[in-house]
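Scroll down for the structure; my scribbles are underneath it.
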Amino acid sequence: MSTTQTHHPLWVAYGGGGVVGSIRKDDDGYTVTMAGADAVTGTYPTMEIAKSALHAHMSPGSDWPMFREH
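In my numbering, the protein residues as written are 13 to 82.
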């Protein structure tokens, strides 16, 4: 019997005050979750769209976050 592990890349978004959210790649696309949220914000077809969606859900006037892969 063998065990298969699937690695799903994860990017953490950092704003001026720390972690603001994350993006996880899976079979459905790029899933955005805001920091402290109980549910995902949405799943998007490309990383660029996911980044834009995450930024759009930040406080108005927020600078573009820095994304780091973990």
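Built from N, CA and C at the ideal position, the CB exists for glycine as well. Here the structure is a predicted model, which means the values were calculated and not measured.
### Message
In this structure, how does DSSP classify residue 34 when only helix, strand and coil are distinguished?
### Response
Against the sequence shown, residue 34 aligns to sequence position 22. Residue state, collapsed to three classes: strand.
### Message
Taking its Cβ as the centre, do 16 or more other Cβ atoms sit within 10 Å of residue 44, making it buried, or is it exposed?
### Response
If you number the sequence shown from 1, residue 44 lands on position 32. Buried, because 16 or more other Cβ atoms sit within 10 Å of the Cβ of residue 44.
### Query
In terms of residues, what are the limits of the beta strand (DSSP E) holding residue 78?
By one-based count along the sequence shown, residue 78 stands at place 66. Element bounds for residue 78: 78–81.
### Query
Is it true that the CB of residue 37 sits closer than 9 Å to the CB of residue 4?
Any property of residue 4 remains undetermined from this structure, which presents the chain solely from 13 to 82.
### Message
With distance defined between alpha-carbon atoms, name the residue in 23, 51 and 32 nearest to residue 67.
### Response
Counted from its first residue, the sequence shown places residue 67 at position 55. Selected option, being the one with the closest Cα: 32.
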